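There are 4 protein chains.
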Amino acid sequence: MTRLKMGMVGGGTGSFIGDVHRKAASIDGMIALVCGAFSSSKEKSSASAKELGIPDNRAYGSFEEMITEESKLPEEERMDFVAIVTPNHMHFPPAKMALEHGFHVICDKPLSLTLDEAIELEKIVQSSGKVFALTHNYTGYPMVKQAKAMIAKGDLGAIRKINAHYLQGWLSTSVEKTGQKQAAWRVDPKRSGIGGALGDIGTHAENLIEYITGIQIETIAADLTAFGDGRSLDDDGNILLRFENGAKGIMSFSQIATGEENNLGVKIYGTKGSLTWNQENPNQLIVKWLDQPKQIYTPGGNGTYSESSEYVRIPAGHPEGYLEGFATIYRSFAKELLTVKSGKSFSNNPDFPTVTDGVRGMKFIYAAVESSKNNASWTRV
Amino acid sequence: MTRLKMGMVGGGTGSFIGDVHRKAASIDGMIALVCGAFSSSKEKSSASAKELGIPDNRAYGSFEEMITEESKLPEEERMDFVAIVTPNHMHFPPAKMALEHGFHVICDKPLSLTLDEAIELEKIVQSSGKVFALTHNYTGYPMVKQAKAMIAKGDLGAIRKINAHYLQGWLSTSVEKTGQKQAAWRVDPKRSGIGGALGDIGTHAENLIEYITGIQIETIAADLTAFGDGRSLDDDGNILLRFENGAKGIMSFSQIATGEENNLGVKIYGTKGSLTWNQENPNQLIVKWLDQPKQIYTPGGNGTYSESSEYVRIPAGHPEGYLEGFATIYRSFAKELLTVKSGKSFSNNPDFPTVTDGVRGMKFIYAAVESSKNNASWTRV
Amino acid sequence: MTRLKMGMVGGGTGSFIGDVHRKAASIDGMIALVCGAFSSSKEKSSASAKELGIPDNRAYGSFEEMITEESKLPEEERMDFVAIVTPNHMHFPPAKMALEHGFHVICDKPLSLTLDEAIELEKIVQSSGKVFALTHNYTGYPMVKQAKAMIAKGDLGAIRKINAHYLQGWLSTSVEKTGQKQAAWRVDPKRSGIGGALGDIGTHAENLIEYITGIQIETIAADLTAFGDGRSLDDDGNILLRFENGAKGIMSFSQIATGEENNLGVKIYGTKGSLTWNQENPNQLIVKWLDQPKQIYTPGGNGTYSESSEYVRIPAGHPEGYLEGFATIYRSFAKELLTVKSGKSFSNNPDFPTVTDGVRGMKFIYAAVESSKNNASWTRV
Amino acid sequence: MTRLKMGMVGGGTGSFIGDVHRKAASIDGMIALVCGAFSSSKEKSSASAKELGIPDNRAYGSFEEMITEESKLPEEERMDFVAIVTPNHMHFPPAKMALEHGFHVICDKPLSLTLDEAIELEKIVQSSGKVFALTHNYTGYPMVKQAKAMIAKGDLGAIRKINAHYLQGWLSTSVEKTGQKQAAWRVDPKRSGIGGALGDIGTHAENLIEYITGIQIETIAADLTAFGDGRSLDDDGNILLRFENGAKGIMSFSQIATGEENNLGVKIYGTKGSLTWNQENPNQLIVKWLDQPKQIYTPGGNGTYSESSEYVRIPAGHPEGYLEGFATIYRSFAKELLTVKSGKSFSNNPDFPTVTDGVRGMKFIYAAVESSKNNASWTRV
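Line by line, the protein sequences give chains A, B, C and D. Numbered by the numbering used here, the letters in the first sequence go through residues 1 to 381 in order. Numbered by the numbering used here, the letters in the second sequence go through residues 1 to 381 in order. Numbered by the numbering used here, the letters in the third sequence go through residues 1 to 381 in order. Numbered by the numbering used here, the letters in the fourth sequence go through residues 1 to 381 in order.
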């Protein structure tokens with residue numbers, strides 16, 4: 001097996017998410033990093049490349065240069081796909097250019113800075129014949145896969161209630177004023193877009209509940225708040241949810257939930273049973289039944305469906321974590337690439353979040369912001 | 001110490017909450033049940049009395065008879081107070097009559113069938129010179145007391161986010177059609193009032209968060225649903241919350257949350273720290289700090305305030321449960337009665353839920369129903 | 001129903017376990033405290049009686065006086081049974097005298113100061129025609145009953161491994177030198193007997209695993225230690241266990257396990273499944289199966305056997321605690337008394353720990369001490 | 001940074017631990033797999049190489065061939081170190097030969113088939129000037145590092161009680177008779193050595209407690225059992241522990257603990273506090289204090305020491321798992337290799353398990369087997 005060759009946009013030294021992408025890409029041995037526009041200057045990019053063991057001639061000073069130069073290389077040498085790990089405002093430009101130059105793309109979420117960009121990008125992807133994946137990584141956890149499979153098979157009956165929360169506390173104080181880069185761009189509308197915590201983590205919660213249930217959020221009533229001193233973007237939000245099938249629910253997200261680390265969780269209730277999953281303890285799925293004892297499912301453990309267990313790398317009881325869930329997105333993306341490279345057609349239902357999921361996330365952001373401006377009036381997603 | 005003498009309205013054989021009240025009243029040895037109008041017929045009431053070891057001449061066929069007849073007994077023999085453990089529509093009439101005949105009252109929640117009744121009852125209590133307690137029993141748990149004390153002392157800083165849930169699954173199917181009495185009256189507006197799950201458990205959540213934080217809910221946007229076939233009252237609700245101090249939050253309650261037993265919980269976030277408490281595991285309070293490790297507090301355990309530990313009956317590590325929390329309401333009520341009987345004046349801030357808390361609960365029910373009728377528009381509580 | 005009349009030996013003001021016994025006895029409304037030799041002087045006993053609402057003429061200065069005087073009262077007035085809640089050295093004398101005067105007895109554990117006393121007491125009970133219960137209260141928890149029923153029905157298959165622990169930290173420092181009464185008698189061989197933590201909590205663990213599994217410990221290899229400065233009795237112990245059916249196991253108990261409150265737990269493994277129960281979170285029983293998902297059982301919850309659910313006082317999700325488990329012992333004892341008083345014969349298999357269980361506990365203490373003296377050599381229980 | 005070049009012995013298609021080693025080696029981007037003797041035939045080895053993207057000329061039919069042939073390659077091409085991931089009987093031969101040919105070695109545990117081999121290997125390592133690491137991977141978890149640091153700093157005071165358990169259920173039935181390869185060699189003394197579960201998982205528990213506490217087990221009393229039909233090696237064991245500093249403890253391990261997955265845990269008690277850690281929920285460390293509230297530490301979370309947080313790859317709340325802990329061993333080994341390659345001297349106290357730890361593990365196995373043969377008599381480790 002030859003490894004797929006990855007070029008990266010962003011992810012220079014000190015980057016959080018760039019390093020996550022690199023580790024996730026490496027775990028299953030299907031992908032090798034070969035080049036990058038790691039920073040906005042050739043000098044910084046080269047420094048990162050050196051640390052990463054990338055030859056200097058493959059360290060570029062801009063994504064434009066990377067895409068242009070790589071295109072000139074022979075196929076067996078040039079990158080196969082671009083991984084975009086920049087702040088939101090820098091998702092669309094490299095994605096568009098890469099696709100238009102014949103490269104596949106995997107991109108961090110949310111899809112883009114604006115909804116217009118998202119819609120345009122969806123068209124570009126569809127006409128490009130290239131594979132595009134969005135790293136809503138939480139869908140990669142085996143217990144999330146198990147939850148999805150149980151609902152798809154009807155184990156829980158008709159779904160009636162869907163609650164989600166995503167609570168962090170790292171913006172409880174004004175860390176963006178202390179030079180913390182991660183915070184600085186997230187509170188800046190020019191780089192984040194119109195959503196703050198909404199875009200950063202609210203979209204993860206939205207994606208997760210639609211992924212698990214297969215049911216779309218139809219309308220929402222959102223109450224967004226910027227608690228942090230001087231912030232123009234929300235750092236907290238509470239949303240009433242109504243689903244296309246008549247289910248109701250609630251979402252609460254925050255980055256000022258003091259003391260919380262990365263507390264993402266869902267509770268989903270059907271007529272026959274319900275399930276509870278929390279990201280901070282991702283290796284158990286609690287299922288509560290109408291008339292049977294509660295159950296605990298574990299990755300690869302008794303009673304798990306193949307739709308879940310095929311994503312487990314190590315025996316039950318050996319915890320997998322965030323990086324492995326993330327790696328699953330990369331692995332599924334890589335498998336699709338190999339399929340497409342071998343001349344076969346695209347999956348109708350690829351096992352990773354797509355550009356269409358990304359558009360949906362952007363619509364969710366826009367609907368929530370509009371609803372909140374109208375004092376939490378019901379707004380269609 | 002002579003025991004206070006309790007007369008009970010409701011709570012005949014097979015009653016859930018009547019038995020809970022009796023056990024709760026007995027735990028601390030301050031109260032003795034001496035009479036009751038346990039059922040709506042003398043015959044049934046006598047049968048219950050016999051089981052309970054109450055002489056037949058103290059078993060009454062109606063609350064009117066009980067109050068009238070007990071009033072005629074010498075003071076050392078007649079009941080000191082009335083415990084009302086009937087469905088909601090039968091709270092106001094016996095409470096009013098008891099107070100007007102000079103008896104103290106402890107009453108199950110919600111306070112009454114209608115808001116008008118509640119407001120009238122508040123006036124009656126205030127002019128009666130009698131003690132009135134409402135059994136929002138969850139405020140009796142030691143870890144709830146600890147949470148309240150920590151917030152009151154400012155340990156968590158300014159409160160910004162308050163989330164609560166109260167999830168049950170026992171009405172997931174149409175059990176009211178199977179002859180289940182508990183279900184039958186709860187889905188019947190004539191006996192429950194205008195709130196279904198809202199009145200039955202939503203008010204507990206409302207009371208709990210206001211009790212713990214000392215902050216009032218100002219306006220709400222409520223989305224109530226009756227999922228159960230043929231139900232006219234809500235069995236599920238999701239509510240956006242705005243608090244008087246600018247805090248925001250969310251509440252979700254349900255009686256169709258399949259598989260849930262009695263899952264009441266709160267998460268409260270301040271600028272310095274946050275806390276999480278869940279009723280099904282009531283003997284731990286998780287506190288998460290801005291810059292210190294998370295902590296686990298236990299009843300009577302290291303670091304608990306006297307405001308909490310004084311309510312603990314047994315050493316740390318020996319779990320107390322629902323009945324003990326309930327008993328704490330009875331004990332505090334009993335202490336207040338002894339104070340008043342000894343000629344001292346009422347507590348300004350008695351340590352049990354009062355008629356005023358009950359009025360507030362009714363206002364919450366009315367505001368939620370109105371908001372929901374207006375498609376979750378913001379409504380003042 | 002007329003309440004059974006209880007006389008108490010020990011349990012004066014400030015007593016921990018005396019108060020627990022009184023609360024436990026009161027919860028189900030079947031028992032009334034009518035008299036007591038609460039302390040070793042009439043004066044102190046009277047003071048306790050006053051607090052408890054007992055007439056002064058029923059407050060006795062010694063158990064001898066209580067038993068003698070109560071015997072003279074008419075049957076409808078005199079106590080039915082004696083509850084013994086004193087330190088270990090004061091179990092045998094009042095138990096013997098009470099039985100010989102025709103009173104039933106309920107006694108705290110361990111059964112007696114010495115094994116000889118225990119064996120003698122067993123004979124006295126057997127010839128007395130009276131009911132005798134020992135308050136190994138942890139057997140009263142509904143999830144312990146469920147565990148016992150599951151094993152008895154063969155759900156877990158043949159039992160092969162049994163591990164137990166009972167860890168407390170309250171003797172981590174030399175609290176006995178600070179005037180703490182609870183500590184003072186527990187480290188004193190004259191009042192505790194030859195076992196320290198072994199007798200105080202090790203016997204609870206021993207009783208619990210034999211109760212749940214129905215399998216006797218055959219031989220043990222015990223390593224007992226007195227870590228506390230100047231202590232002559234063990235405050236810590238580790239024991240290898242071999243059971244009559246070939247199962248193996250381990251027990252670890254300690255009162256110097258710093259930071260632990262009352263951490264009693266068992267893990268029991270059969271050929272088909274296993275179970276885990278912990279006292280500090282007593283309302284769940286985790287069952288792990290050979291080839292099915294793990295399950296969580298809760299009191300009164302889905303799938304629980306009637307052998308468990310009949311001991312649940314309130315609906316699933318409403319936690320019961322230590323006092324309720326203790327109360328179950330009292331209730332079962334009271335039911336047996338009523339049976340015997342009504343002229344029916346004794347239960348062959350009463351649902352509470354008996355004097356024979358108490359003898360077994362004493363044999364366990366003696367075997368452990370002997371084994372430890374012989375450097376943890378295997379010793380028959 | 002140039003990647004270190006790894007050659008692997010064992011780990012052919014379908015291998016569990018070989019795949020774990022490869023993933024672990026890849027996560028931090030410091031190591032590249034360049035060759036392997038993946039199976040005992042050239043043909044099978046080539047098949048595995050193909051799947052792994054290794055050129056066929058670097059796929060060897062035996063470790064002897066691999067070491068011989070790689071030695072002939074130029075330094076910039078040939079492997080830097082050998083990873084040994086075979087059953088126990090195949091640890092010593094390739095390790096010896098690799099070291100003697102100038103290659104560094106990382107080897108799975110236990111160190112060797114026999115104690116004699118272990119002692120010889122220790123000498124070979126010491127005289128070789130090469131780096132040798134043993135993959136006791138559980139020491140790589142950040143919360144294990146935190147536990148070690150807290151004890152080293154004296155936070156818990158003097159250690160007095162150390163309990164460990166390692167419970168699995170996968171050998172509850174006779175899976176070795178079903179063609180399960182993992183089971184087959186583990187129950188075979190020729191390939192496993194004299195310890196069964198003892199060597200496979202008991203040594204992990206032994207290593208973990210000595211690693212965390214820095215205190216050696218001095219003597220043990222072991223009761224080993226082979227429950228499985230026809231097994232000659234233990235599949236279950238219970239051990240009394242006495243430590244060099246006077247601490248006491250207990251260890252229980254099993255592979256017939258039905259329903260358990262990979263339940264490794266420790267409880268360690270000092271005079272000032274204690275800690276509890278469990279591998280199946282590895283991202284929390286519970287610390288219980290003498291006089292402060294209990295605490296929960298999380299990787300990279302508030303209050304963690306740099307000795308722990310430096311091993312965390314992603315922000316607090318993003319769970320890391322088994323592979324990351326394993327990767328930490330590889331990363332530390334790689335760092336040491338780079339140091340040594342750069343001409344600097346060896347670390348005195350390298351941050352990975354060494355050959356000396358491996359000898360200790362073998363001594364533990366031998367002491368336990370001897371003790372058990374002598375009916376659990378005390379035996380020096």
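We treat Cβ as the ideally placed atom computed from N, Cα and C, and that holds for glycine. Here the structure is a predicted model, which means the values were calculated and not measured.
Can you tell which of A:Lys109, A:Met362, A:Arg380, A:Thr298 has the C-alpha that lies nearest to the C-alpha of Ile17 (chain A)? A:Lys109
In chain order, which alpha helix (DSSP H) runs of at least 4 residues are fully inside the segment 79–139 of chain A? 92–100, 115–128
Answer yes or no: do Phe326 (chain D) and Phe352 (chain D) have a C-beta to C-beta separation smaller than 7 Å? no
Under a three-way DSSP split, which group does Gly358 (chain C) fall into? helix
Simplified DSSP state of Glu76 (chain B), which is helix, strand or coil: coil
Quick one: which chain D residues come within Cβ less than 8 Å of Gly301 (chain B)? Pro293, Lys294
Pair every Cβ in the segment 162–176 of chain B with every Cβ in the segment 352–368 of chain B, then say whether three or more of these pairs are closer than 8 Å. no
Across the segment 291–298 of chain D and the segment 291–307 of chain B, are there enough close Cβ pairs to call them in contact, namely three or more that are closer than 8 Å? yes
Outcome for Ser112 (chain A) when other beta-carbon atoms lying within 10 angstroms are tallied against a minimum of 16: buried
Contact between the segment 78–98 of chain B and the segment 311–326 of chain B is defined here as three or more beta-carbon pairs at a separation below 8 Å; is this criterion met? no
Local conformation of Gln295 (chain B) per DSSP, three classes: strand
Report the residue from D:Leu73, D:Ala98, D:Lys72, D:Ser71 whose alpha carbon sits nearest the alpha carbon of Val82 (chain D). D:Ala98
Beta carbon proximity, Ser252 (chain C) to chain D, threshold 7 Å: yes
Please state the DSSP three-state secondary structure of Trp277 (chain C). strand
Inspect the beta-carbon positions of Ser46 (chain D) and Asp56 (chain D) and report whether they are closer than 7 Å. yes
Where does Glu69 (chain B) sit, in a helix, a strand or coil, going by DSSP? helix
Residue span of the alpha helix (DSSP H) that contains Ser45 (chain B), given as start and end: 42–52
With a cut-off of 8 Å, do at least 3 Cβ pairs link the segment 195–202 of chain D to the segment 335–343 of chain D? no
For the segment 178–265 of chain A, list the beta strand (DSSP E) runs that are entirely contained and at least 3 residues long, ordered along the chain. 217–225, 236–243, 248–254
Taking Tyr330 (chain D) as the query, report the chain A residues whose CB atoms sit under 9 Å from its CB, ordered along the chain. By Cβ distance, chain A contributes nothing, its closest Cβ being about 12 Å from Tyr330 (chain D), past 9 Å.
Name the chain C residues that come within less than 9 Å of Tyr297 (chain A), Cβ to Cβ? Pro293, Lys294
Could you have a look at Tyr322 (chain C) and say whether DSSP puts it in helix, strand or coil? helix
Does the beta carbon of Thr2 (chain C) come closer than 7 Å to any beta carbon on chain B? yes
Give every residue of the same chain whose Cβ lies closer than 6 Å to the Cβ of Gly10 (chain D), excluding the five residues on either side of it in the sequence, and list them in chain order. Gly18, Val85, Thr86
Top-ranked residue by Cα proximity to Leu290 (chain C), from D:Lys272, D:His101, D:Ile151, D:Val175: D:Val175
Contact list for Trp384 (chain D) against chain B, beta-carbon separation under 8 Å: Residue 384 (chain D) cannot be examined here, being either before or after the span of chain D that is shown, 1 to 381.
The alpha helix (DSSP H) with Gly18 (chain C) in it runs from where to where? 16–27
Distance between Asn278 (chain D) and Ile286 (chain D) (C-alpha atoms, nearest Å): 10 Å
Could one say the Cβ of Asn88 (chain D) lies closer than 7 Å to chain C's Cβ atoms, at least one of them? no
Per DSSP, what are the beta-bridge partners of Leu4 (chain B) in this structure? B:Ile31
Specify the secondary structure class of Lys344 (chain D) as computed by DSSP and reduced to three states. coil
Within the continuous beta strand (DSSP E) that includes Ile162 (chain B), where are the two ends? 159–167
Assuming Lys288 (chain A) is part of the alpha helix (DSSP H), what are its boundary residues? Lys288 (chain A) -> not in any alpha helix (DSSP H); beta strand (DSSP E) instead, spanning 285–289.
Exposed or buried, Phe346 (chain D), counting other C-beta atoms within 10 Å across all chains shown (16 or more means buried)? exposed
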